[in-house]
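Trainee: Below are the structure tokens for one structure; questions will follow.
Structure (structure tokens):
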């Protein structure tokens with residue numbers, strides 16, 4: 007039986023992946039701040055906060071007591087945040103990086119001793135990661151872009167140890183995070199003092215983009231593909247939005263002008 011660690015295990019994508027890997031015959035260490043409450047002998051709940059190095063080191067102790075190797079680590083832990091870069095608090099700004107970027111760094115660094123040649127790390131970024139950030143999604147896009155670049159650099163280094171690194175870039179996925187993003191957008195529209203009209207128009211655009219969402223099971227299957235491919239790719243895309251892709255093909259000056267015309 008192969009052992010694998012999945013973070014964000016109680017979220018929509020994470021939970022779907024935990025179940026998919028367990029059904030495939032893996033023993034899954036399901037790590038999350040929440041407690042996994044669905045009994046299965048192939049699923050081992052690990053409670054930890056990825057913003058706490060002490061928590062992660064404790065989790066490493068629990069996992070290493072049960073296995074001396076992991077075939078892979080899959081990262082689903084993350085938060086969605088939508089706000090104005092000049093109105094959001096410093097605490098919120100730092101927390102976005104702490105969860106979306108530094109959390110993956112901490113997990114990989116602490117759990118590296120359990121990875122062997124042939125092991126794989128799969129990091130979930132976003133379809134926004136390689137794109138130019140849009141207004142009000144900046145903090146989320148910036149952290150995911152940083153995570154995307156971190157994954158590329160990590161892949162360059164860990165290949166020398168025989169460890170592969172891949173990135174999942176899903177678009178809108180029908181999970182609680184999708185609902186959280188809608189709620190965050192509503193809160194922003196109600197609370198912003200600078201962008202009232204712009205925010206309402208932007209909400210209409212976001213609602214249309216997120217309406218074309220996919221089930222978390224599809225992300226789980228993509229993670230399985232990345233883990234089991236003979237020659238894993240660096241990037242696995244899913245549900246890319248054609249309008250976002252088209253906008254990103256334009257020169258940045260034209261992108262800025264179009265966004266300004268739409269939102270003013």
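Numbering (the working numbering), first residue to last: 7 to 270. Note that beta-carbon positions come from the ideal geometry of N, C-alpha and C, so glycine has one too. Predicted, not measured: the structure shown is a model, and the values here were computed from it.
Whole angstroms is fine: what's the gap from residue 93's alpha carbon to residue 202's?
Mentor: 13 Å
Trainee: So, under 8 Å CB-CB, residue 120 and residue 172 are touching, yes? Tell me the CB distance rounded to an integer number of Å.
Mentor: Contact check for residue 120 and residue 172: beta-carbon distance about 18 Å, past the 8 Å limit, so the pair fails to qualify.
Trainee: Could you name each continuous beta strand (DSSP E) segment of 3 residues or more that falls completely within the stretch 26 to 92, going from the start of the chain to the end?
Mentor: Complete beta strand (DSSP E) runs here, min 3: 33 to 38, 49 to 53, 76 to 81.
Trainee: Check the C-beta distance from residue 56 over to residue 113 and give it rounded, since I have them as a contact under 8 Å.
Mentor: 6 Å
Trainee: What does a CB cutoff of less than 7 Å around residue 106 pick up in its chain, not counting 5 residues either side in sequence?
Mentor: 84, 85, 149, 150, 153
Trainee: Residues in the same chain with beta-carbon distance under 6 Å from residue 126, minus the five sequence neighbours each way, listed in chain order, please.
Mentor: 78, 170, 233
Trainee: Helix, strand or coil: how does DSSP classify residue 158 here?
Mentor: helix
Trainee: Take residue 88 and list the residues in its own chain whose beta-carbon comes closer than 7 Å to its own, dropping the five residues that flank it on each side.
Mentor: 142, 143, 146, 187, 190, 191, 194
Trainee: Residue 30 and residue 228 look like a contact to me (Cβ under 8 Å); what is the Cβ gap, rounded to whole Å?
Mentor: The pair is not a contact, with the Cβ atoms about 14 Å apart (cut-off 8 Å).
Trainee: Please state the DSSP three-state secondary structure of residue 146.
Mentor: helix
Trainee: Whole angstroms is fine: what's the gap from residue 135's alpha carbon to residue 8's?
Mentor: 31 Å
Trainee: Helix, strand or coil, according to DSSP, for residue 198 in the structure here?
Mentor: Of the three classes helix, strand and coil, the one that applies to residue 198 here is coil, per DSSP.
Trainee: What would DSSP say about residue 238, mapped onto helix, strand or coil?
Mentor: The answer is coil: DSSP assigns residue 238 none of H, G, I, E or B.
Trainee: Can you give me the start and stop residues for the beta strand (DSSP E) that residue 181 sits inside?
Mentor: First-last for residue 181: undefined, no H or E at that position.
Trainee: Using the Cβ count rule (16 or more neighbours within 10 Å means buried), how would you classify residue 208?
Mentor: buried
Trainee: Helix, strand or coil: which one does DSSP assign to residue 169?
Mentor: coil
Trainee: Residue 82 and residue 117 look like a contact to me (Cβ under 8 Å); what is the Cβ gap, rounded to whole Å?
Mentor: Rounded, the Cβ-Cβ distance is 15 Å, inconsistent with contact.
Trainee: How should residue 249 be labelled, buried or exposed, when 16 other C-beta atoms within 10 angstroms of its C-beta is the threshold for buried?
Mentor: A residue is called buried when at least 16 other Cβ atoms come within 10 angstroms of its Cβ; residue 249 does not meet this threshold and is exposed.
Trainee: Using the Cα positions of residue 236 and residue 124, report the straight-line distance between them to the nearest angstrom.
Mentor: 10 Å
Trainee: Quick one: what's got a C-beta closer than 8 Å to residue 180's C-beta in the same chain, skipping five residues either side?
Mentor: Excluding sequence neighbours, residue 180 sits near 18, 219, 220, 221, 222.
Trainee: List, from N- to C-terminal side, the alpha helix (DSSP H) runs of 4 residues or more that fit wholly inside the stretch 97 to 126.
Mentor: 109 to 117
Trainee: Distance check for residue 198 and residue 16, CA to CA, integer angstroms please.
Mentor: Residue 16 and residue 198: Cα-Cα distance of roughly 31 Å.
Trainee: Just the Cα atoms here: how many angstroms apart are residue 21 and residue 40?
Mentor: 11 Å
Trainee: Per DSSP, which residues does residue 9 bridge with? Please list them.
Mentor: Per DSSP, the beta bridge partners of residue 9 are 33.
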